[in-house]
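My numbering numbers the first residue of the sequence shown as 932 and each following residue consecutively.
To keep things clear, I will list the structure first and then write my remarks on it.
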Amino acid sequence: MKLMLRSYFNLLSSVRRVCQQNKGKKTPGVDGELALTPQARMSLVRRMGKHTLWRVKPVRRLYIPKAGKPGQERPLGIPTIRDRVAQSIVKNALEPSWEARFEPNSYGFRPGRSIHDAIEHCWMLLNGRTRRPWILDADLKSAFDKISHEQILQAIGPVPGRELVKEWLKAGYVEAEFFHETESGAPQGGVISPLLLNVALHGLQERLGKKFGYVRYADDLIVCAATREAIEVAKLTVEDWLKPRGLTLHPEKTKIVHIKDGFNFLGFSIRQYKGKCLIKPQKEKVLHKLAEHRRWLNKHRQATAEQVIRHFNKVLPGWANNYKHAVSKSVFSYVATELWRMLWRWSKRRHHNKGRKWIASKYFGPHRNANWRFQAKSRDNTLYLFDFGAVRIERHVKVRASASPDDPALHDYWRERAKGTTRSSHAGVTKVAVKLRLDA
932 MKLMLRSYFN LLSSVRRVCQ QNKGKKTPGV DGELALTPQA RMSLVRRMGK HTLWRVKPVR
992 RLYIPKAGKP GQERPLGIPT IRDRVAQSIV KNALEPSWEA RFEPNSYGFR PGRSIHDAIE
1052 HCWMLLNGRT RRPWILDADL KSAFDKISHE QILQAIGPVP GRELVKEWLK AGYVEAEFFH
1112 ETESGAPQGG VISPLLLNVA LHGLQERLGK KFGYVRYADD LIVCAATREA IEVAKLTVED
1172 WLKPRGLTLH PEKTKIVHIK DGFNFLGFSI RQYKGKCLIK PQKEKVLHKL AEHRRWLNKH
1232 RQATAEQVIR HFNKVLPGWA NNYKHAVSKS VFSYVATELW RMLWRWSKRR HHNKGRKWIA
1292 SKYFGPHRNA NWRFQAKSRD NTLYLFDFGA VRIERHVKVR ASASPDDPAL HDYWRERAKG
1352 TTRSSHAGVT KVAVKLRLDA
């Protein structure tokens, strides 16, 4: 850990992550500082080499809309650019040690693990003649805002970087130019906060024991049991375990269900039909996404067909990839039909004095397996809208239970797992560790 905290390569990797890769790279902290150009980033590297890490500044509080909940907002705490880089440095030093200890049924905010691993684990627990058909579908209330500082620091123990973590937790926040102290919580927007949440929630699987099935992704979790009475006991066990950590179950989002009635988890609908567990895209999520597309088209009525295609071709493939491991063929067909209807109305609004055949000829045409693909013709080529019909439904292979990306014995396993996918967020940290070993 000391080597990682002092590593120049860890500093470079952290600056790259914070200033180039993170979505919040254009959002400044209370000092207004950003580093969006190569020159600014190298200047930041030089200043971080001289920066006193103990001079932590408060985070900047802002609010963003809650996904799928119009009118509702959730708070974000944005540290300064220097504190974000320092947090990334400390995170890279602490994370490998915790990855070797984390419980195998925890999937959120961990390198090499994803939502699809958690969903596949649910299927393994609930498919066929499951012995645990009763489910506690639980959500932690304001986990990032309420989590106990003392519990986090006690769990981390006397390791390098501990006092820095304490300073970040106690730094407070600025909202509307007023300073507020923080007695609990880890700011959403902090680079190290997701790791701290996982540290605080480590141990729940062991507390429940082998009697119950358990899957957790960040602050969403399910517990499976054989009977209604047993799942009630599990709920009390979880609530008692959370109390010292300053956390509670969300009363409106936590419920007990039978697998035959089904439940929603991480954007998927999980339900057993005639002994077979089927996992489908959650209906509410699908309708919300379609509503977003309608609003975009209504807002951009003057956009060209090429602009429309380029916009949708950026967002549709990611949405399809998220659901291609589930029973999604009929949903994809429905979404494709709804998109066609939206674009047909959009086309008619642009040319209200033209006939249907003229509109169809200009904006739609056959391409590969589809007869009515939305298109944008130009002199050089023709752009086509993303084709849901070409998306293959594939079974996701769940990550090995206790596999760590830092285990050198599993190098080939992780390399094979990464083939055909985008680069793992852990790749930069792995390169830092490899460089340190070579230098040693």
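Glycine included, every Cβ here is placed at the ideal spot set by N, Cα and C.
Using DSSP bridges, identify the partner residues of residue i.
| i | result |
| --- | --- |
| Ser1200 | Asn1195 and Lys1211 |
| Tyr1145 | Val1154 |
| Arg1005 | Ile995 |
| Glu1106 | Phe1109 |
| Thr1313 | Lys1308 |
| Ser1264 | DSSP, once it has assigned bridges, lists no residue as partnering Ser1264. |
| His1298 | Ala1301 |
| Trp1065 | Ala1156 and His1189 |
| Val990 | Tyr1104 |
| Glu1037 | In the sequence as displayed, the identity of residue 1037 is Ser instead of Glu. Beta-bridge pairing links Ser1037 to Arg1147. |
Which of the three DSSP states, helix, strand or coil, is assigned to residue i?
| i | result |
| --- | --- |
| Leu967 | coil |
| Ile1190 | coil |
| Gln1119 | strand |
| Val1096 | helix |
| Asp1070 | strand |
| Pro996 | strand |
| Ala1332 | coil |
| Leu1410 | The structure shown does not extend to residue 1410, since the chain is modelled only from 932 to 1371, so the question has no answer here. |
| His1282 | coil |
| Ala1358 | Unreliable positioning characterises Ala1358 in this predicted model, as indicated by a pLDDT of 43, which lies under 50. The coordinate reading is nonetheless provided below. If DSSP states are grouped into helix, strand and coil, Ala1358 belongs with the helices. |
| Ser1124 | helix |
| Gly1140 | coil |
| Ser945 | helix |
What do you get for residue i, buried or exposed, if any count of 16 or more other CB atoms within 10 angstroms of its CB means buried?
| i | result |
| --- | --- |
| Lys1216 | buried |
| Ile1201 | buried |
| Gln970 | exposed |
| Ser945 | buried |
| Leu967 | exposed |
| Leu1132 | buried |
| Gln952 | exposed |
| Gly1088 | exposed |
| Ala1074 | buried |
| Glu1030 | buried |
| Met973 | exposed |
| Gly1121 | buried |
| Ile995 | exposed |
| Gly1286 | exposed |
Using a Cβ-Cβ cut-off of 7 Å (strictly less than) and excluding sequence neighbours within five positions of residue i, which residues of its own chain qualify?
| i | result |
| --- | --- |
| Glu964 | Thr1011 and Ile1012 |
| Gly1206 | Gly1059 and Arg1060 |
| Ala1358 | Annotation note: pLDDT 43 at Ala1358 (below 50); position unreliable, coordinate value reported separately. Nothing meets the Cβ criterion. |
| Ser1124 | Phe1075, Ala1117 and Pro1118 |
| Gly1103 | Pro989, Phe1110, His1111, Glu1112 and Thr1113 |
In chain order, what residues of the same chain lie with their CB nearer than 6 Å to the CB of residue i, ignoring the 5 residues before and after it?
| i | result |
| --- | --- |
| Thr1296 | In the sequence on display, residue 1296 carries Gly and not Thr. Cβ within range, chain order: Gln1306. |
| Gly1002 | none |
| Tyr1038 | Arg1044, Asp1048, Ala1049 and Tyr1148 |
| Cys1208 | Trp1054, Leu1057 and Asn1058 |
Q) Pairing CB atoms from the region 1040-1058 with CB atoms from the region 1136-1156, are three or more of them under 8 Å? A) Touching, yes, given that three or more Cβ pairs across the two stretches are closer than 8 Å.
Q.
Quick test of the definition: if touching needs 3 or more C-beta pairs under 8 Å, does the region 1267-1278 touch the region 1223-1239?
A. Three or more Cβ pairs drawn from the region 1267-1278 and the region 1223-1239 lie within less than 8 Å of each other, which places the two stretches in contact.
Q. Can at least three beta-carbon pairs, one atom from the region 1020-1038 and one from the region 1298-1314, be found at a separation below 8 Å?
A. The region 1020-1038, when compared against the region 1298-1314, does not touch it at the 8 Å Cβ threshold.
Q. Is it a yes or a no for the region 1084-1102 touching the region 1162-1171, going by three-plus beta-carbon pairs under 8 Å?
A. Flag = no, the region 1084-1102 and the region 1162-1171 do not touch.
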